[in-house]
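First up is the structure itself, then whatever we jot down about it.
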Amino acid sequence: MTRRHVRVVGAMLQNEMGRYLITQRPPTASLPLLWEFPGGRVEEGEHDAVALARELQEEMGVRIQVLEQVMHTHHEYPTYDIDFRVFRCRLSDPDAEIHHLRVHDHRWVALEEMGQYRFPDADAKTLARLLDLDH
């Protein structure tokens, strides 16, 4: 059986107080109610930055500027593989209201507080690398 490969992009958005935006997956989604970096799947033929901007608009109604890729990791789940790329981004409007269109909740969290939240394995690997980069 051929394993499914999924390309996913995530946003590392930091506010003026140095906190990072994380979102909670809906209760009906796969990996329900876990926290993650906002983002989603890249569609066939779509550029990563375009996919990331589209996902944040669809999920939270916000516009972003994608600045640079900061991380790339690969994770194998039991039935599929994730190719996960994280980009440093900023909100186009720092005062924009975040809507829960396709997310259950959101938080602005300091790096040292991230351990209080449950993340999917691919995000947890990314978080561990971010903590290493920050110290």
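According to UniProt numbering, the sequence shown is numbered sequentially starting from 1.
Glycine included, each C-beta is placed from N, C-alpha and C at the ideal position.
Small disclaimer: the values here were computed from a predicted structure and weren't measured.
Excluding the 5 residues flanking residue i on each side, which residues of the same chain have their C-beta closer than 6 Å to its C-beta?
| i | result |
| --- | --- |
| A96 | V62 |
| A110 | R19 |
Distance check for residue j and residue i, CA to CA, integer angstroms please.
| i | j | result |
| --- | --- | --- |
| A11 | V50 | 12 Å |
| T79 | V6 | 11 Å |
| P38 | I22 | 6 Å |
| L33 | R102 | 12 Å |
| T28 | D121 | 18 Å |
| R90 | D48 | 15 Å |
| D123 | L56 | 17 Å |
| W108 | Y20 | 5 Å |
| L67 | R25 | 25 Å |
| V13 | T2 | The sequence shown places Leu at residue 13, rather than the Val named in the question. Each residue's Cα considered, the two are about 35 Å apart. |
| R129 | G40 | 19 Å |
| E44 | R85 | 16 Å |
| G115 | L127 | 9 Å |
| Q69 | D83 | 13 Å |
| E58 | V8 | 15 Å |
My understanding is that residue i touches residue j, with C-beta atoms under 8 Å, so please give their C-beta distance in whole angstroms.
| i | j | result |
| --- | --- | --- |
| P94 | E36 | With a Cβ gap of about 22 Å, P94 and E36 do not count as contacting. |
| residue 185 | H72 | Nothing can be reported for residue 185, as the shown portion of the chain is limited to 1 through 135. |
Which residues in the same chain have their Cβ closer than 7 Å to the Cβ of residue i, if we skip the five residues on either side of it in sequence?
| i | result |
| --- | --- |
| R118 | L34, W35 |
Tell me which same chain residues have a C-beta within less than 8 Å of the C-beta of residue i, skipping the five on either side of it?
| i | result |
| --- | --- |
| H100 | M60, H106 |
Open item on the list: Could you tell me which whole beta strand (DSSP E) segments of length 3 or greater appear in the UniProt domain "Nudix hydrolase" (4-132)?
Closed with: 4-13, 20-24, 39-41, 64-76, 80-91, 105-109
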